[in-house]
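Engineer: Line by line, the protein sequences give chains A, B and C.
For the record, in the first sequence the residue sitting at position 232 is 232 according to the working numbering, with numbers rising by one throughout.
For the record, in the second sequence the residue sitting at position 140 is 140 according to the working numbering, with numbers rising by one throughout.
For the record, in the third sequence the residue sitting at position 249 is 249 according to the working numbering, with numbers rising by one throughout.
Glycine included, C-beta positions come from ideal geometry on N, C-alpha and C.
I'd like to ask you about the structure that follows.
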Amino acid sequence: MSEKIEKSSQQDLILDVRDLKINIELDEGTLTAVRGVNFSIRKGETLGLVGESGCGKSLTSKAILGINDKKCKTTGEIIFDTNDHGMMNLLDLKPKGKEIREVRGKQISMVFQEPMVAFSPLYTIGNQINECTRLHITKDKKKSKEISLEMMKKVGIANAEKRYDQYPHEFSGGMLQRALIAMALVCNPKLLIADEPTTALDVTIQAQILELMKELQKDLNMAILFITHDLGTVAAMCDRVAVMYLGKIVEIAPVKDIYANPMHPYTQGLIGSVHKIGTKNQERLFSIEGTVPLALNLPPGCGFYDRCHKRIEGVCNVKEPELTEMSDGHMVACHACAGGCKGCSQGVQTTENRKGEEEDV
Amino acid sequence: MSISTLFQHKKKKKSDEDYYLASQWTLMGRKLMHHKLAKFSIILLVFLYAMALFAPFVAPYGLDDYDSNYKNSAPTKIHWKDEDGKFVGPYVYKMTYVNNRQTFKREWAEDTSEKFFVKFFAEGREYKLFGFIPCSRHLFEVEGENGGEGAKIMLFGADSLGNDLFSRILFGSQISLTIPFAGTAISFVLGIILGGISGYFGGLVDTIIQRIIEVLTALPTIPLWMALSAAIPADIPVPRMYLYITVIISFISWTGLARTVRGKFISLRNEEFVMAAQVAGVSTWKIMTKHLVPGFMSYLIVNLTLGIPSMIIGETSMSFLGLGMRAPATSWGVLLKETQDITSIAQYPWRLIPLIAVVVTVLAFNFLGDGLRDAADPYK
Amino acid sequence: MWKYIGKRILMFIPTIIIISFVIFFIMQLPEGDYVSSYIARMQAEGEVFTEEDIASLRAQYGLDKNWVARYFDWVIKIVTKGDFGYSFAYGRPVWSVIMERLWLTIAVSLTIMVFTYLVSIPIGIYSALHQYSVGDYVFTAIGFLGMATPNFLLAIILMYFSFKWTGDPLLGLFSTEMLQEGLHWYNFGEFLQRMVIPTIVIGTAGTCGVIRTVRAQMLDEQAKQYALTARAKGVSERTIVYKYCLRAALNPVASGLAGSLSSIFSGSTISAIVMNLSIQGPVLYEALKTQDTYLAGTILMTQAVLVVIGTLLSDILLAWLDPRIRFEKKRS
Numbered sequence: 001m002s003e004k005i006e007k008s009s010q011q012d013l014i015l016d017v018r019d020l021k022i023n024i025e026l027d028e029g030t031l032t033a034v035r036g037v038n039f040s041i042r043k044g045e046t047l048g049l050v051g052e053s054g055c056g057k058s059l060t061s062k063a064i065l066g067i068n069d070k071k072c073k074t075t076g077e078i079i080f081d082t083n084d085h086g087m088m089n090l091l092d093l094k095p096k097g098k099e100i101r102e103v104r105g106k107q108i109s110m111v112f113q114e115p116m117v118a119f120s121p122l123y124t125i126g127n128q129i130n131e132c133t134r135l136h137i138t139k140d141k142k143k144s145k146e147i148s149l150e151m152m153k154k155v156g157i158a159n160a161e162k163r164y165d166q167y168p169h170e171f172s173g174g175m176l177q178r179a180l181i182a183m184a185l186v187c188n189p190k191l192l193i194a195d196e197p198t199t200a201l202d203v204t205i206q207a208q209i210l211e212l213m214k215e216l217q218k219d220l221n222m223a224i225l226f227i228t229h230d231l232g233t234v235a236a237m238c239d240r241v242a243v244m245y246l247g248k249i250v251e252i253a254p255v256k257d258i259y260a261n262p263m264h265p266y267t268q269g270l271i272g273s274v275h276k277i278g279t280k281n282q283e284r285l286f287s288i289e290g291t292v293p294l295a296l297n298l299p300p301g302c303g304f305y306d307r308c309h310k311r312i313e314g315v316c317n318v319k320e321p322e323l324t325e326m327s328d329g330h331m332v333a334c335h336a337c338a339g340g341c342k343g344c345s346q347g348v349q350t351t352e353n354r355k356g357e358e359e360d361v
Numbered sequence: 001m002s003i004s005t006l007f008q009h010k011k012k013k014k015s016d017e018d019y020y021l022a023s024q025w026t027l028m029g030r031k032l033m034h035h036k037l038a039k040f041s042i043i044l045l046v047f048l049y050a051m052a053l054f055a056p057f058v059a060p061y062g063l064d065d066y067d068s069n070y071k072n073s074a075p076t077k078i079h080w081k082d083e084d085g086k087f088v089g090p091y092v093y094k095m096t097y098v099n100n101r102q103t104f105k106r107e108w109a110e111d112t113s114e115k116f117f118v119k120f121f122a123e124g125r126e127y128k129l130f131g132f133i134p135c136s137r138h139l140f141e142v143e144g145e146n147g148g149e150g151a152k153i154m155l156f157g158a159d160s161l162g163n164d165l166f167s168r169i170l171f172g173s174q175i176s177l178t179i180p181f182a183g184t185a186i187s188f189v190l191g192i193i194l195g196g197i198s199g200y201f202g203g204l205v206d207t208i209i210q211r212i213i214e215v216l217t218a219l220p221t222i223p224l225w226m227a228l229s230a231a232i233p234a235d236i237p238v239p240r241m242y243l244y245i246t247v248i249i250s251f252i253s254w255t256g257l258a259r260t261v262r263g264k265f266i267s268l269r270n271e272e273f274v275m276a277a278q279v280a281g282v283s284t285w286k287i288m289t290k291h292l293v294p295g296f297m298s299y300l301i302v303n304l305t306l307g308i309p310s311m312i313i314g315e316t317s318m319s320f321l322g323l324g325m326r327a328p329a330t331s332w333g334v335l336l337k338e339t340q341d342i343t344s345i346a347q348y349p350w351r352l353i354p355l356i357a358v359v360v361t362v363l364a365f366n367f368l369g370d371g372l373r374d375a376a377d378p379y380k
Numbered sequence: 001m002w003k004y005i006g007k008r009i010l011m012f013i014p015t016i017i018i019i020s021f022v023i024f025f026i027m028q029l030p031e032g033d034y035v036s037s038y039i040a041r042m043q044a045e046g047e048v049f050t051e052e053d054i055a056s057l058r059a060q061y062g063l064d065k066n067w068v069a070r071y072f073d074w075v076i077k078i079v080t081k082g083d084f085g086y087s088f089a090y091g092r093p094v095w096s097v098i099m100e101r102l103w104l105t106i107a108v109s110l111t112i113m114v115f116t117y118l119v120s121i122p123i124g125i126y127s128a129l130h131q132y133s134v135g136d137y138v139f140t141a142i143g144f145l146g147m148a149t150p151n152f153l154l155a156i157i158l159m160y161f162s163f164k165w166t167g168d169p170l171l172g173l174f175s176t177e178m179l180q181e182g183l184h185w186y187n188f189g190e191f192l193q194r195m196v197i198p199t200i201v202i203g204t205a206g207t208c209g210v211i212r213t214v215r216a217q218m219l220d221e222q223a224k225q226y227a228l229t230a231r232a233k234g235v236s237e238r239t240i241v242y243k244y245c246l247r248a249a250l251n252p253v254a255s256g257l258a259g260s261l262s263s264i265f266s267g268s269t270i271s272a273i274v275m276n277l278s279i280q281g282p283v284l285y286e287a288l289k290t291q292d293t294y295l296a297g298t299i300l301m302t303q304a305v306l307v308v309i310g311t312l313l314s315d316i317l318l319a320w321l322d323p324r325i326r327f328e329k330k331r332s
């Protein structure tokens with residue numbers, strides 16, 4: 001059944017990541033940061049990639065553009081619908097070659113976490129945005145400046161003509177993030193990768209930036225890969241959500257499903273740890289015990305085993321669970337959940353029981 | 001199987017815990033040991049300092065044991081086998097020379113009539129180890145088969161007076177290797193105190209100290225050293241000469257350190273933990289010594305280590321010019337003084353051997369400093 | 001910007017005054033003065049002096065006052081008449097002694113500086129771009145050796161090889177013929193040839209230092225986020241390296257400009273003595289040894305002032321290179 005869905009939606013797939021693995025060579029050994037990730041993005045869709053820091057979500061996103069450090073050895077397939085060559089595996093392209101550079105910035109572009117350091121302090125904002133325009137759209141100086149200015153206005157930078165000639169240190173954080181978005185969108189990319197674009201900003205500005213991104217997405221009809229550790233923004237932004245843990249996707253589902261019916265214990269923990277407005281004060285926030293283990297010489301079995309409250313000894317610590325479809329578009333990699341909704345409802349109960357227990361104490 | 005994996009798991013956790021609980025210094029030490037060049041440098045430096053410490057024991061001759069028959073002698077060749085090719089252990093021949101009438105050069109030849117064997121741990125000239133333990137054993141000596149006199153073992157050749165260069169390098173290292181430490185100690189104290197005052201109090205004191213530093217850094221180092229050491233009276237006892245030179249050398253290097261300390265103090269002064277300490281009524285002195293200085297101690301040590309090479313080169317340069325240590329004191333720079341004209345190098349190339357000692361030591365301190373810097377960097 | 005430069009120039013005046021005072025203080029530190037060292041030399045040759053002779057000599061040279069008074073005399077004369085005092089050893093005004101060699105000193109120093117940067121920046125970039133390659137290791141090794149070898153010894157070694165291969169140790173900047181005929185276009189080539197060893201000798205330490213700075217800076221800058229941003233928008237590696245990283249990496253090089261000038265003066269002093277170069281170093285050395293106070297003091301002063309000017313230039317250069325500094329200056 002799942003194959004059917006895949007085939008029917010194949011038509012409008014823009015990005016298809018298959019069995020992506022990233023190994024980092026360290027003195028201590030090989031660190032497997034991304035351990036076989038599969039996901040796809042359709043045209044105009046927003047996919048949220050959620051996980052704790054160090055789970056490999058940033059590496060995954062940078063792998064799509066091929067801009068990871070030399071130390072990172074990437075294998076698998078990243079199929080992207082390029083304008084000129086149709087479906088293409090981006091990993092086949094030379095990481096410094098001309099072809100991939102045609103993709104970067106023009107067809108896939110990226111917005112980074114910290115706008116303060118994403119610009120070079122030595123050149124004006126206009127220069128840095130315009131560089132993108134001149135690389136990909138037109139060599140004509142006047143025209144490209146016009147295009148850049150227009151995009152700056154579009155992202156809500158007031159007084160764009162003046163700001164064009166200003167340096168990054170003269171911008172506020174929120175304005176810089178707008179400029180960064182302008183730089184990313186100036187060539188109308190088909191896919192925007194937003195790597196925690198709002199974490200470094202104030203809460204009020206966060207909302208503005210998210211709103212801006214949504215608007216522009218509609219205007220330009222692009223897909224967004226939205227990377228974050230903040231489930232609140234996911235709910236506001238995304239159509240589907242992929243939850244990553246220790247270099248693997250443990251659950252992937254439409255955004256409503258994931259909040260209404262989280263299956264993987266890790267996802268449940270994540271959602272349980274978000275404070276909801278309107279809940280009673282005395283309820284304690286749920287927190288996941290322990291810390292993420294280092295992905296160096298991992299023991300066999302599920303990566304979440306040590307921290308999981310639903311672990312089945314002899315199963316979970318022996319065999320790594322695979323992503324399996326539970327309901328329409330809802331996939332989860334968990335032995336305890338396998339076997340349909342029986343497992344997951346149990347899971348929800350466990351969480352509730354636990355909360356109850358804590359209240360008793 | 002599950003037990004064994006469990007066991008492994010526990011063991012790993014233990015080592016993780018060790019890692020998180022280890023102090024900054026343990027971590028630095030551990031990282032330093034991963035830096036191969038730094039590790040090698042430490043071993044080398046320990047060796048060099050041990051040689052300096054045991055110089056009177058290792059050196060076969062004292063500073064006054066010159067032999068005019070061996071003036072400018074080439075390094076003594078050590079033989080292992082006798083005429084028949086049989087292994088008899090290390091021995092040397094007496095060196096004799098003939099004056100070449102055309103070139104006025106001494107031409108050295110071995111007098112093969114008598115073998116002088118190298119004896120280890122033999123009795124010899126009396127000396128005081130570490131300055132107070134009377135002793136007369138030496139690492140090696142030469143003795144003739146018939147107890148004959150006159151043969152010397154000069155591994156690195158001799159100087160113009162007939163002194164053994166090997167022995168002199170060893171004795172010279174006692175000065176050349178300790179001056180940077182004494183100088184570092186002085187500039188360390190000066191740097192921390194003046195930089196700390198400047199950074200912590202700010203205001204007028206800060207302005208004055210900064211101006212002084214600015215002036216001192218504007219003066220080129222060597223000319224300034226030259227000017228200062230020209231002020232040292234010519235015939236003072238060696239210990240005082242040593243003290244003066246050390247003070248002069250540390251005179252410059254404290255400025256960089258003081259700047260660093262000041263910068264660190266200014267940035268740390270505004271940190272919350274310092275404010276918290278102030279609010280809690282902790283005294284200024286205690287805040288400085290307990291909370292601020294340890295915060296960048298590792299950084300200071302790295303800076304100091306990287307500053308040592310220039311001190312060694314500085315001492316060598318000044319002594320070379322005759323403005324630093326002077327005979328009867330012996331330092332590597334004093335030894336190199338004999339290389340001032342090229343003809344002497346052309347004739348007696350072994351006189352450059354002290355240079356090797358200088359270069360090796362400077363390199364070792366550089367590598368050690370680099371290793372320390374990497375180790376102190378928490379992001380590496 | 002101009003206001004900033006003007007302000008910096010004004011700030012130099014107190015600095016220079018303090019420098020002159022410190023120098024004068026150091027100059028009078030040695031026991032005795034020029035007269036006592038002169039008399040010692042003369043007496044060694046058998047001359048006889050009476051107390052009166054000595055006193056009149058002192059008065060003649062103005063050495064009968066205490067050093068603070070002499071300092072003020074000196075400064076006032078410099079400011080009012082441009083008179084830097086009298087060189088006892090040369091028997092003429094200090095300024096004329098210094099001028100003889102000042103331009104050559106500056107020319108040699110600048111040549112060495114240009115050499116330093118022309119050689120070190122490309123090598124530093126190469127090393128950073130080919131980190132851990134054979135070339136990187138070779139340059140790093142040479143760099144370390146160059147920093148570890150005292151430059152006067154490098155001078156001796158190079159002169160020795162030059163002597164061995166060409167029969168001429170290339171002592172001095174001018175050959176005897178050049179001294180007789182003066183510097184012309186036809187012997188300019190020879191002059192350049194004679195500049196080779198001094199340049200290498202004096203420049204090596206600085207070159208090695210700058211190589212290491214550039215290499216480390218380039219590696220740092222390449223790892224920064226903005227390089228990644230540029231890469232993500234499709235900018236070529238070449239542009240990333242030259243447009244972004246190199247410019248950022250040059251900032252510390254620019255701020256080290258004054259320091260490198262100072263280290264060239266340092267290095268050239270000893271090397272010039274060894275190689276018999278007709279620049280200020282040997283004169284300073286002799287002046288210090290004979291307690292020719294005003295001459296030595298003025299040479300140190302000129303060097304310090306040049307370094308201070310170097311600091312100003314490097315500050316301006318830095319402000320020009322880095323907009324952040326430029327704007328900070330504007331605001332203050």
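Please report whether the beta-carbon of PHE163 (chain C) lies at a distance below 8 angstroms from any beta-carbon of chain B.
Structural biologist: yes
Engineer: I believe PHE171 (chain B) touches THR339 (chain B) by the beta-carbon criterion, under 8 angstroms. Please report the beta-carbon distance rounded to the nearest angstrom.
Structural biologist: Between THR339 (chain B) and PHE171 (chain B) the Cβ distance is about 18 angstroms, and since that is not below 8 angstroms, they are no contact.
Engineer: Would you identify the three-state DSSP class for GLY32 (chain C), choosing helix, strand or coil?
Structural biologist: coil
Engineer: Can the beta-carbon of THR213 (chain C) be found less than 8 angstroms from the beta-carbon of THR116 (chain C)?
Structural biologist: no
Engineer: Express the C-alpha separation of SER40 (chain A) and VAL17 (chain A) in angstroms, rounding to a whole number.
Structural biologist: 6 angstroms
Engineer: Answer with buried or exposed for ALA109 (chain B), where buried requires no fewer than 16 other C-beta atoms within 10 angstroms of its C-beta.
Structural biologist: exposed
Engineer: From the DSSP secondary-structure annotation, give me the bridge partner or partners of TRP108 (chain B).
Structural biologist: Answer is B:TYR97, bridged to TRP108 (chain B).
Engineer: For chain C, check one thing: does any of its Cβ atoms lie closer than 8 angstroms to the Cβ of PRO233 (chain B)?
Structural biologist: yes
Engineer: Using a Cβ cut-off of 8 angstroms (strictly closer), state whether LYS7 (chain C) contacts chain B.
Structural biologist: no
Engineer: Curious, which full-length beta strand (DSSP E) runs of at least 3 residues does the region 214–261 of chain A contain?
Structural biologist: 223–228, 240–245 and 248–254
Engineer: Using the Cα positions of LEU44 (chain B) and SER317 (chain B), report the straight-line distance between them to the nearest angstrom.
Structural biologist: 23 angstroms
Engineer: My assumption, with CB atoms under 8 angstroms, is that SER61 (chain A) sits in contact with ILE227 (chain A). Please give the rounded CB distance.
Structural biologist: Contact between SER61 (chain A) and ILE227 (chain A) holds: their C-beta atoms lie close to 5 angstroms from each other, under 8 angstroms.
Engineer: Only counting the same chain, and skipping five residues up and downstream in sequence, which positions put a Cβ closer than 7 angstroms to that of SER148 (chain A)?
Structural biologist: GLY126, ILE129, ASN130, THR133 and VAL186
Engineer: Please classify GLU196 (chain A): is it buried, with 16 or more other beta-carbons within 10 angstroms of its beta-carbon, or exposed?
Structural biologist: buried
Engineer: Say whether chain A places a C-beta atom closer than 8 angstroms to the C-beta of ARG231 (chain C).
Structural biologist: Judged by the 8 angstroms Cβ criterion, ARG231 (chain C) is in contact with chain A.
Engineer: Closer than 7 angstroms by beta-carbon distance: list the chain B residues that pair up with ALA296 (chain C), in chain order.
Structural biologist: ALA227
Engineer: Taking the runs of the beta strand (DSSP E) that are 3 residues or longer, which of them lie wholly in the region 130–191 of chain B?
Structural biologist: 133–144
Engineer: In angstroms with no decimal places, state the Cα-to-Cα distance between PRO189 (chain A) and ILE288 (chain A).
Structural biologist: 38 angstroms
Engineer: Which bits of chain C does ILE67 (chain A) rub up against, with CB to CB less than 7 angstroms?
Structural biologist: LEU228, ARG231 and ALA232
Engineer: Can you list the residues of chain A that VAL134 (chain C) reaches, using a CB-CB cut of under 7 angstroms?
Structural biologist: Scanning chain A for C-beta atoms nearer than 7 angstroms to the C-beta of VAL134 (chain C) yields nothing, as the closest lies near 18 angstroms away.
Engineer: Consider the Cβ of LEU122 (chain A): report whether some Cβ of chain C lies at a distance smaller than 8 angstroms.
Structural biologist: yes
Engineer: Using a Cβ cut-off of 9 angstroms, pull out every chain C residue sitting near HIS136 (chain A), in sequence order please.
Structural biologist: LYS233 and GLY234
Engineer: Taking Cβ positions, are PRO223 (chain B) and GLN303 (chain C) nearer each other than 8 angstroms?
Structural biologist: yes
Engineer: Opposite ARG35 (chain A) in the DSSP bridges: which residues?
Structural biologist: A:LYS21
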